[in-house]
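Order-wise, the sequence lines are chains A and B. Sequence positions in the first sequence follow our numbering and run 7 to 240. Sequence positions in the second sequence follow our numbering and run 7 to 240. Note that CB positions come from ideal geometry on N, CA and C, so glycine has one too. Structure, as structure tokens:
Protein chains: 2
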Amino acid sequence: MADIIVTPIPERKRGSGVKLVYDLLRDEILDLTLPPGSPIDEVQLAERFSMSRTPIREALVRLAGEGLIDTLPNRSTMVSNIDFLNLHTFFEAITLMYRMTTRLAAKHHNPGDLPIIRAHQAEFAKAVAAQDALAMIATNRDFHAAIAEAGRNPYFTALFCRLLDEGRRILRMYYQSFDDRLPQRYADEHEEMITAIAARDVDAADRLAKSHADQIVRQIQQLFARDQRQDIAL
Amino acid sequence: MADIIVTPIPERKRGSGVKLVYDLLRDEILDLTLPPGSPIDEVQLAERFSMSRTPIREALVRLAGEGLIDTLPNRSTMVSNIDFLNLHTFFEAITLMYRMTTRLAAKHHNPGDLPIIRAHQAEFAKAVAAQDALAMIATNRDFHAAIAEAGRNPYFTALFCRLLDEGRRILRMYYQSFDDRLPQRYADEHEEMITAIAARDVDAADRLAKSHADQIVRQIQQLFARDQRQDIAL
DNA sequence: CGTTTATTTCTTGTCGACAAATAAAATACA
DNA sequence: TGTATTTTATTTGTCGACAAGAAATAAACG
């Protein structure tokens with residue numbers, strides 16, 4: 007008599023399904039695995055994760071709350087678009103948050119914060135050395151998020167992380183189109199920022215954060231300027 | 007034969023239930039009708055709105071996403087507490103947002119924006135004249151939200167509105183404990199801000215926003231200093 | 001052949017019910 | 001009487017099913 011084959015790992019803890027779906031979809035959206043405009047189908051996801059639509063739905067509500075997906079009433083829901091026309095507002099906001107969080111980190115960091123920040127910077131340097139674009143983007147985010155945490159202002163940290171995540175989508179396009187030697191420069195700037203924070207030099211931290219932000223903004227703007235030229239019909 | 011009595015208004019449009027519950031709970035939380043720590047019971051709400059637990063749940067997930075309620079896994083969910091120990095981070099953030107949004111409004115406002123802002127200011131003045139504390143809080147929020155809208159940076163607007171809403175809870179306590187003549191001063195400062203915005207005077211807008219914010223922060227701090235004295239055991 | 005109307009299809013929104021997890025109550029035990 | 005253990009109760013998390021809405025398709029009509 008043949009043994010009955012059971013599904014390998016159908017076991018899941020009670021409240022874990024939502025977080026699982028949320029985290030995975032979030033990553034896929036930010037990595038552009040699910041590019042803007044991708045349709046999100048509830049039943050399809052329910053089959054994929056072999057669970058009911060209810061927890062899927064809860065994860066989608068959360069993602070919608072963060073603006074990562076758009077829901078048309080009674081109709082489809084899809085990955086939200088990047089508003090290229092208003093990118094300047096994004097740059098404006100993220101530059102300010104770079105400055106504020108770095109300033110506050112210089113002011114309020116505790117002894118335990120610096121090792122964490124340095125660890126993230128080491129990860130970033132490793133990703134740069136390996137020329138791993140996806141890892142660079144992720145570790146860069148974590149590095150700055152750690153600085154924001156050390157600044158001890160949850161409101162700024164929340165906005166900054168949101169902006170960094172939205173930036174992940176934009177940076178993903180950036181690194182998709184060309185790889186140059188700038189990442190090394192970013193790594194060096196990170197080191198300077200750490201030094202300024204460790205020295206509790208608020209003004210230096212602010213200056214470095216601003217130039218770091220300007221640097222990134224300029225790079226992205228150049229990318230889009232180039233793309234726009236390509237878009238012109240001949 | 008007696009007519010069968012039907013429930014008066016059981017009709018509700020398909021996707022409207024969630025928004026209904028969300029808006030109402032949100033208002034009750036921000037007005038302190040539901041003070042921090044109040045238990046939120048799903049079945050109770052389901053009965054109150056005569057609908058299933060599913061839409062209630064969705065509304066709660068959204069509120070949790072904004073940090074207005076805290077959810078203990080598998081156990082109760084309740085209105086989130088106000089973190090009085092870290093109020094300074096709140097003041098820091100809202101002061102910066104007052105400044106940024108007012109600056110940006112001075113820079114980017116369109117002809118259509120000023121009438122809207124003035125309308126909200128008129129509502130605020132009316133509430134002040136009527137000594138209606140709740141209306142003052144609500145119209146003050148709307149006034150500053152309108153300025154933020156005119157600044158045309160959705161990231162700042164979103165954070166600012168969130169801070170203003172969180173502030174609604176704090177201000178509610180403020181006006182509960184004592185009414186003085188300061189609201190008139192706030193109304194005057196509002197007028198000055200409108201003038202600066204209309205004149206596109208960024209520096210003046212910034213200065214006024216900063217002093218306005220400082221004014222409010224100082225008032226709240228005085229309230230809490232007073233409360234703290236009362237809290238000391240005799 | 002083009003336009004309007006009916007039908008089908010597909011997705012979402014809502015429901016009632018059940019199972020799991022935890023707290024509270026009751027019981028057993030020293 | 002105090003503590004540990006079992007039982008009950010309450011609340012949440014998940015499920016499958018059904019109905020409403022809107023787009024896509026088919027049909028009717030000029």
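Buried versus exposed call for residue i [16 or more other C-beta atoms within 10 Å across all chains shown]
i                : result
serine 159(B)    : As written in the sequence, residue 159(B) is asparagine, which differs from the serine given in the question. Classification of asparagine 159(B): buried, given that the 10 Å Cβ count is 16 or more.
histidine 150(B) : buried
threonine 60(A)  : exposed
glycine 43(A)    : exposed
arginine 20(A)   : exposed
alanine 205(A)   : exposed
leucine 78(B)    : exposed
histidine 115(A) : buried
arginine 232(B)  : exposed
alanine 99(B)    : buried
arginine 18(A)   : exposed
leucine 91(B)    : exposed
Neighbourhood of residue i by C-beta, 8 angstroms cutoff - its chain only, sequence neighbours within 5 removed
i                    : result
arginine 174(B)      : Leu36, Asp37, Ile143, Ala144, Arg147
leucine 241(B)       : Residue numbering for chain B in the displayed model covers 7 to 240; residue 241(B) lies beyond these limits and cannot be assessed.
threonine 163(B)     : Thr107, Ala151, Ala154, Glu155, Gly157
tyrosine 161(A)      : none
leucine 169(B)       : Phe96, Ala99, Ile100, Met103
phenylalanine 230(B) : Phe90, Leu93
aspartate 33(A)      : Thr39
arginine 54(B)       : none
Beta-carbon contacts of residue i that lie in its chain and below 6 angstroms, excluding the five residues immediately before and after
i                    : result
methionine 57(A)     : Gly23
leucine 177(B)       : Ile143
proline 5(A)         : Shown here, chain A extends from 7 to 240; a query on residue 5(A) therefore has no answer.
aspartate 171(B)     : Leu36
alanine 156(B)       : Ala111, His115, Asp119
leucine 51(A)        : Ile62
glutamate 48(A)      : Arg59, Ile62
phenylalanine 166(B) : Met103, Thr107, Ala154
threonine 101(A)     : Ala219
valine 67(A)         : none
aspartate 212(B)     : Arg105, Arg109
Closest by C-alpha distance to residue i, when choosing among the options
i                 : options                                    : result
isoleucine 153(B) : Glu172(B), Arg20(B), Ala111(B), Phe166(B)  : Ala111(B)
glutamine 190(A)  : Gln221(A), Leu229(A), Leu102(A)            : Gln221(A)
tyrosine 180(A)   : Gln228(A), Ala204(A), Asn87(A), Ala211(A)  : Gln228(A)
leucine 74(B)     : Ser86(B), Phe166(B), Ala99(B), Lys216(B)   : Ser86(B)
alanine 193(B)    : Lys132(B), Cys167(B), Phe230(B), Asp209(B) : Lys132(B)
alanine 210(B)    : Glu53(B), Ile62(B), Met106(B)              : Met106(B)
arginine 224(B)   : Ile122(B), Arg18(B), His94(B), Arg68(B)    : His94(B)
histidine 218(A)  : Phe97(A), Leu140(A), Pro121(A)             : Phe97(A)
Sequence-distant residues of its chain with Cβ nearer than 7 angstroms to residue i (five each side left out)
i                 : result
alanine 65(A)     : Val24, Val27, Tyr28, Leu31
isoleucine 226(A) : Ile176, Tyr180
aspartate 207(B)  : Ala112
alanine 141(A)    : Ala133
isoleucine 88(A)  : Pro42, Arg175, Ile176
alanine 136(B)    : none
isoleucine 122(A) : Ala152
Practice item. Check whether the region 112-129 of chain B touches the region 198-208 of chain B, counting contact only when three or more Cβ pairs, one atom from each stretch, lie closer than 8 angstroms. Key: yes
Review point. Which of the residues in the region 65-99 of chain A, read from start to end, lie with their CB under 8 angstroms from any CB of chain B?
Key: Val67, Arg68, Gly71, Glu72, Pro79, Asn80, Asn92, Thr95, Phe96, Glu98, Ala99
Review point. Residues in the region 36-58 of chain B with C-beta within 9 angstroms of chain A's C-beta atoms, listed in sequence order?
Key: none
Exercise for review: Anything in the region 137-162 of chain B with a Cβ closer than 8 angstroms to a Cβ of chain A? List those residues in chain order, please.
Suggested key: Arg158, Asn159, Pro160, Tyr161, Phe162
Practice item. Output, in sequence order along the chain, the residues in the region 16-33 of chain B whose CB is closer than 7 angstroms to any CB in chain A. Key: Arg20, Gly21
Check your understanding: Taking any Cβ of chain A, which residues in the region 165-181 of chain B have a Cβ under 7 angstroms from it, in chain order?
Key -> Leu165, Leu169
Practice item. Output, in sequence order along the chain, the residues in the region 197-219 of chain A whose CB is closer than 9 angstroms to any CB in chain B. Key: none
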